[in-house]
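Participant: Heads up, the sequence shown is in this note's numbering, so the first residue is 75 and it goes up one at a time.
Just dropping this structure here.
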Amino acid sequence: MKHHYIPQFYLRPWLGDDDRLQELKRGHHNLVTSKRVFTKQTGYAPDLYTLPGATEETKQNVEKAFMAFVDNEAVKARDMMLAGQIPSDPKTREAWTRFVLSMVFRNPEEMPKFKERFREELLRQDPKIQAEYEKQKEPDDPETFEQWLMTNRPERVERYAILLMTKLVQRENVNYLFRTMHWRVIDTSGVVRRLMTSDRPIMMSSGMVHYTGHFALPISPTKLFLACTALAFADEFCAMPASKIVREINKIVVGQGRKFVYALDSAYLAEVRQQMGKLPYPSFVRPERNR
Numbered sequence: 075m076k077h078h079y080i081p082q083f084y085l086r087p088w089l090g091d092d093d094r095l096q097e098l099k100r101g102h103h104n105l106v107t108s109k110r111v112f113t114k115q116t117g118y119a120p121d122l123y124t125l126p127g128a129t130e131e132t133k134q135n136v137e138k139a140f141m142a143f144v145d146n147e148a149v150k151a152r153d154m155m156l157a158g159q160i161p162s163d164p165k166t167r168e169a170w171t172r173f174v175l176s177m178v179f180r181n182p183e184e185m186p187k188f189k190e191r192f193r194e195e196l197l198r199q200d201p202k203i204q205a206e207y208e209k210q211k212e213p214d215d216p217e218t219f220e221q222w223l224m225t226n227r228p229e230r231v232e233r234y235a236i237l238l239m240t241k242l243v244q245r246e247n248v249n250y251l252f253r254t255m256h257w258r259v260i261d262t263s264g265v266v267r268r269l270m271t272s273d274r275p276i277m278m279s280s281g282m283v284h285y286t287g288h289f290a291l292p293i294s295p296t297k298l299f300l301a302c303t304a305l306a307f308a309d310e311f312c313a314m315p316a317s318k319i320v321r322e323i324n325k326i327v328v329g330q331g332r333k334f335v336y337a338l339d340s341a342y343l344a345e346v347r348q349q350m351g352k353l354p355y356p357s358f359v360r361p362e363r364n365r
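Printed below as a string of structure tokens:
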């Protein structure tokens, strides 16, 4: 099943009169090619959130139920911001918050990293669990519970990781911080250059509680969503020339992109070929600490 980690609704503002957008795709030998595509033809990976070991009826629940819910609920907030309105009601702000946080997790590089980190944490020996396992294990069973789990229930480890991801997207303390930040929509329609987006479109600072703590996301070729911890920093950001904002945002969005960059047309193909994939992208998966 196609799992769109770049939701179709998010890409629609970049559509032209032909109901297509410009896909700048990095492929074989890192060659970046450009073509017009429909939203359903791009930004997906097969079975990215499929639950291993689940029944035929439930194995696509994360995509069909959770991700569909996240995307559908976010449409209202996005449409309000495209119209220049900042959502003020808690439900709409929460929906947009969930969507932005999900965009950090839901890609073909982040999901395997998250699953592997989850597996490492899960397989750390726990004395209490091992003691219970010792009481119940059969003579032919592996020595540790972790070995037994990976031998007999490996699909559960991956399934639990995927389900945990859906819980983290809704984690209340993170959601509250994001919802209560200072939200802005920056209109860049007065400059010639247009905003692009990519398969890693979320920009965020390393520390959300710092003065410069922020999230940013292009929501159309002429609109940028910005959420800042400090009101003064939000004012400083918005006071920059629109031409500089577009230039810097495009540099980051393209640099973070790994496989796809999206634009209104192919005018920036040379720029994308030069910059794509040169920057690290935001991740919630922390590197393992030295033991």
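Cβ coordinates follow ideal geometry from the N, Cα and C atoms, glycine included.
From N135 to P120, what does the alpha carbon distance come to, in whole angstroms?
Facilitator: 14 Å
Participant: Just to confirm before moving on: does the CB-CB distance between P87 and S317 stay below 8 Å?
Facilitator: no
Participant: Is L343 closer than 8 Å to S108 when the C-beta atoms are compared?
Facilitator: It is a contact, given that the beta carbons lie within the stated cut-off.
Participant: How big is the Cα-Cα spacing for V178 and M277?
Facilitator: The alpha-carbon atoms of V178 and M277 are separated by roughly 9 Å.
Participant: For my contact list, I319 and P292 are in at a C-beta cut-off of 8 Å; report their separation, rounded to the angstrom.
Facilitator: About 10 Å; that fails the 8 Å criterion.
Participant: Name the DSSP beta bridge partners of T107, please?
Facilitator: In DSSP, T107 forms a bridge with K99.
Participant: So F252 and V149 are in contact, right, with Cβ under 8 Å, and what is the actual spacing, rounded?
Facilitator: No, F252 and V149 are not in contact; Cβ-Cβ is about 18 Å, not under 8 Å.
Participant: Just how far apart, CA to CA, sit R233 and H77?
Facilitator: 16 Å
Participant: Evaluate the contact criterion for the region 325 to 337 versus the region 159 to 169: three or more CB pairs, one atom per stretch, below 8 Å.
Facilitator: no
Participant: Would you list the residues sitting across from V335 in a DSSP beta bridge?
Facilitator: DSSP lists L98 and S272 as the beta-bridge partner residues of V335.
Participant: Identify the residues that DSSP records as bridge partners of P366: which are they?
Facilitator: This structure leaves residue 366 out entirely; the chain is present only between 75 and 365.
Participant: Could you tell me the alpha carbon to alpha carbon distance between L85 and E229, rounded to whole angstroms?
Facilitator: 33 Å
Participant: Assuming M155 contacts K297 (C-beta within less than 8 Å), just tell me the rounded distance between them.
Facilitator: 7 Å
Participant: From which residue to which residue does the beta strand (DSSP E) around I260 run?
Facilitator: Taken as a continuous stretch (DSSP letters only), the beta strand (DSSP E) holding I260 covers H256 to D261.
Participant: Of the choices Y79, G101 and R110, whose alpha-carbon is the least far from that of D92?
Facilitator: R110
Participant: For M141, count the other beta carbons within 10 Å of its own beta carbon; 16 or more makes it buried, fewer makes it exposed. Which is it?
Facilitator: buried
Participant: Does DSSP put A341 in a helix, in a strand, or in coil?
Facilitator: coil
Participant: Tell me the residue span of the alpha helix (DSSP H) that contains Y118.
Facilitator: No alpha helix (DSSP H) holds Y118; the beta strand (DSSP E) holding it covers Y118 to P120.
Participant: Leaving aside the five residues before and after W257 along the sequence, list all residues of the same chain whose C-beta is less than 6 Å from its C-beta, in chain order.
Facilitator: I160 and A301
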